[in-house]
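Enquirer: If you count the sequence shown from 1, position 186 lands on 544 in the numbering used here, and the numbers rise without skipping.
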Amino acid sequence: MEVFMDEIAPIIWPPEKRIAFCYTARGNSGGCNPKEGNPFGPFWDTFNVEFVGSELYGPLHYDIRHHNMAVQWHARYPPATWPVLAFTGAPASFPVQIENRDLHRYLVWNKDIQSKAREFIIEKLPRGAFVGIHLRNGIDWVRACEHIPHTPGLFAAPQCVGYRNEYGAATSEMCLPSRETVARQVKRVLRSVKDARAVFVASDSNHMVPELTQLLRRMEVSVHKLEPSNPHVELAILGSANHFIANCISSFSAFAKRARDVRGLPSSFWAFPPDRGTSSHDEL
Numbered sequence: 359m360e361v362f363m364d365e366i367a368p369i370i371w372p373p374e375k376r377i378a379f380c381y382t383a384r385g386n387s388g389g390c391n392p393k394e395g396n397p398f399g400p401f402w403d404t405f406n407v408e409f410v411g412s413e414l415y416g417p418l419h420y421d422i423r424h425h426n427m428a429v430q431w432h433a434r435y436p437p438a439t440w441p442v443l444a445f446t447g448a449p450a451s452f453p454v455q456i457e458n459r460d461l462h463r464y465l466v467w468n469k470d471i472q473s474k475a476r477e478f479i480i481e482k483l484p485r486g487a488f489v490g491i492h493l494r495n496g497i498d499w500v501r502a503c504e505h506i507p508h509t510p511g512l513f514a515a516p517q518c519v520g521y522r523n524e525y526g527a528a529t530s531e532m533c534l535p536s537r538e539t540v541a542r543q544v545k546r547v548l549r550s551v552k553d554a555r556a557v558f559v560a561s562d563s564n565h566m567v568p569e570l571t572q573l574l575r576r577m578e579v580s581v582h583k584l585e586p587s588n589p590h591v592e593l594a595i596l597g598s599a600n601h602f603i604a605n606c607i608s609s610f611s612a613f614a615k616r617a618r619d620v621r622g623l624p625s626s627f628w629a630f631p632p633d634r635g636t637s638s639h640d641e642l
């Protein structure tokens, strides 16, 4: 992206031609409002991008079952006129449809990301197996989880409850697991992974490193995070873990879960399936 903005964008995508693409208008703005919220605003601000307008591309979309869709996109947005399409979100269906999940096997990290992930695992983690966990707990996520009772299919929830809720309904605990849930599941998974020596935490806010370190002290398991944070490298690290505990509702978790599924690697979800009672009690 840096190379594109520094060397290519000034030629084919100058500031006066920077149009944001979205399926329909967001909010009451009448346009895409592309910089509203996180990570949208911070992402575009990183590259000093200011949009001068919006383009609503509906009813166009993308689905592998419609083989002429690319032709329709080219007809409506010919490259000569629209050399850059800057989307507020992927034009495909969300969440990923069940028939498309296996396509993740064709997504391969570039050498730079693979190298950084491998370097972190080798140099920062102790020798042995490690468990990866995703803690989505920023304030925007806290607010999003408030909608779970009324929107059980929120975001990536179908990855565990099914596309028709055939495996149950999403819960607030699955969306924002309590510290007790995190403590109980991390310890349970560590006991099941042979020679587990570390926990790697990816998070948008609170990594809970001090709390987890104290909890796992007697197990002689260390807790780590990537500094500075890099979501792509974190996803690559999670994809390499011996076990991954995912957030059922999070599309970030869903990405790592799909990457592991196509390689036959084990994963589980916070608070799913629901515990039918437990005699253990762990606190952070």
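Backbone N, C-alpha and C define an ideal beta-carbon position, used for all residues, glycine too.
Between V591, N396, K545 and H508, which has its C-alpha nearest T529's C-alpha?
Expert: Translated into the one-based positions of the sequence shown, residue 529 becomes position 171. The residue among V591, N396, K545 and H508 with its C-alpha nearest the C-alpha of T529 is H508.
Enquirer: If you draw a straight line from the C-alpha of L596 to the C-alpha of A367, how long is it?
Expert: Residue mapping note: residue 596 aligns to position 238 of the sequence shown, counting from 1. Residue mapping note: residue 367 aligns to position 9 of the sequence shown, counting from 1. Rounded to whole angstroms, L596 and A367 show a C-alpha spacing of 33 Å.
Enquirer: Note the first and the last residue of the continuous beta strand (DSSP E) segment covering C380.
Expert: By 1-based counting over the sequence shown, the position of residue 380 is 22. That run of the beta strand (DSSP E) goes I377 to C380.
Enquirer: Starting from R555, follow the beta strand (DSSP E) in both directions and report where the run begins and ends.
Expert: Stepping through the sequence shown from its first residue, residue 555 is reached at position 197. Segment A554 to S561, the beta strand (DSSP E) holding R555.
Enquirer: Under three-state DSSP, which class holds S625?
Expert: Counted from its first residue, the sequence shown places residue 625 at position 267. If DSSP states are grouped into helix, strand and coil, S625 belongs with the strands.
Enquirer: Where are the beta strand (DSSP E) runs, 3 residues long or more, that stay fully inside the segment 395–428, in chain order?
Expert: 411–414
Enquirer: In whole angstroms, what is the alpha-carbon distance linking V489 and P624?
Expert: Here the question's residue 489 lines up with position 131 in the sequence shown. Here the question's residue 624 lines up with position 266 in the sequence shown. Near 10 Å, if we compare the C-alpha coordinates of P624 and V489.
Enquirer: Tell me the rounded alpha-carbon separation between K393 and W402.
Expert: Residue 393 sits at position 35 when you count from the first residue of the sequence shown. Residue 402 sits at position 44 when you count from the first residue of the sequence shown. Those two C-alpha atoms are separated by around 7 Å.
Enquirer: From A433 to I506, what distance separates their C-alpha atoms?
Expert: The residue given as residue 433 occupies position 75 in the sequence shown. The residue given as residue 506 occupies position 148 in the sequence shown. Distance between the alpha carbons of A433 and I506 is about 40 Å.
Enquirer: Compare the Cα-Cα distances from F445 to each of Q430, R459 and C390 and report the closest residue.
Expert: On the sequence shown, residue 445 is found 87 positions in, with the first residue counted as 1. For the residues Q430, R459 and C390, the minimum Cα distance to F445 belongs to C390.
Enquirer: I'd like to confirm the pairing. Which residues does DSSP put opposite L493 in its beta bridges?
Expert: One-based indexing of the sequence shown puts residue 493 at position 135. Partner(s): S561.
Enquirer: Could you say if the segment 487–501 and the segment 549–558 meet the contact criterion of at least three C-beta pairs nearer than 8 Å?
Expert: yes
Enquirer: Look at the alpha carbon of A599 and the alpha carbon of S387, and state the distance between them as a whole number of angstroms.
Expert: Along the sequence shown, read from residue 1 onward, the residue named residue 599 stands at position 241. Along the sequence shown, read from residue 1 onward, the residue named residue 387 stands at position 29. Roughly 43 Å separates the two Cα atoms.
Enquirer: So E332 and A629 are in contact, right, with Cβ under 8 Å, and what is the actual spacing, rounded?
Expert: Not covered by the structure: residue 332. The range shown for the chain is 359 to 642.
Enquirer: Where do the ends of the alpha helix (DSSP H) carrying I603 lie?
Expert: For the purposes of this step, residue 603 is taken as the residue at position 245 of the sequence shown. Segment H601 to A604 is the beta strand (DSSP E) holding I603; no alpha helix (DSSP H) there.
Enquirer: Just list the residues that DSSP pairs S580 with in beta bridges.
Expert: Counting from one through the sequence shown, the residue named residue 580 turns up at place 222. Per DSSP, A556.
Enquirer: S609 and P453 - do their beta-carbons sit closer together than 8 Å?
Expert: On the sequence shown, residue 453 is found 95 positions in, with the first residue counted as 1. On the sequence shown, residue 609 is found 251 positions in, with the first residue counted as 1. Cβ atoms of P453 and S609: closer than 8 Å.
Enquirer: Apart from the five residues on each side of it in sequence, which residues of its chain come closer than 8 Å, Cβ to Cβ, to V544?
Expert: In the sequence shown, counting from the first residue as 1, residue 544 sits at position 186. The residues are V489, I491, V557, L570, L573, L574 and I603.
Enquirer: Would the beta-carbon of A617 fall within 8 Å of that of Q472?
Expert: For the purposes of this step, residue 617 is identified with residue 259 of the sequence shown, where counting begins at 1. For the purposes of this step, residue 472 is identified with residue 114 of the sequence shown, where counting begins at 1. It is not a contact, given that the beta carbons lie outside the stated cut-off.
Enquirer: So, is S638 buried or exposed, given that buried needs 16 or more other C-beta atoms within 10 angstroms?
Expert: Position 280 of the sequence shown holds residue 638. For S638, the predicted structure reports a pLDDT of 49, less than 50, and the residue's modelled location is therefore unreliable. A value from the coordinates is still provided. S638 is exposed by the Cβ-count criterion.
Enquirer: Is H592 buried or exposed, if buried means 16 or more other CB atoms sit within 10 Å of its CB?
Expert: Translated into the one-based positions of the sequence shown, residue 592 becomes position 234. Checking the sequence shown, residue 592 turns out to be Glu, not His. A residue is called buried when at least 16 other Cβ atoms come within 10 angstroms of its Cβ; E592 meets this threshold and is buried.
Enquirer: Please name the residue, chosen from N495, G622, G416 and R476, that lies closest to F379 on a Cα-to-Cα basis.
Expert: Within the sequence shown, residue 379 is the residue found at index 21, counting from 1. Nearest option by C-alpha distance: G416.
Enquirer: Answer yes or no: does any C-beta atom of chain B fall closer than 8 Å to that of H505?
Expert: Going by chain labels, chain B is absent from the structure shown, which holds only one protein chain.
Enquirer: Taking the CB atoms as reference points, tell me whether R494 and D421 lie closer together than 8 Å.
Expert: Working through the sequence shown from its first residue, we reach residue 494 at position 136. Working through the sequence shown from its first residue, we reach residue 421 at position 63. No, the Cβ-Cβ distance between R494 and D421 is not below 8 Å.
Enquirer: Which whole-angstrom value is the C-beta distance of I370 and V442, which I expect to be below 8 Å?
Expert: For the purposes of this step, residue 370 is identified with residue 12 of the sequence shown, where counting begins at 1. For the purposes of this step, residue 442 is identified with residue 84 of the sequence shown, where counting begins at 1. With a Cβ gap of about 6 Å, I370 and V442 count as contacting.
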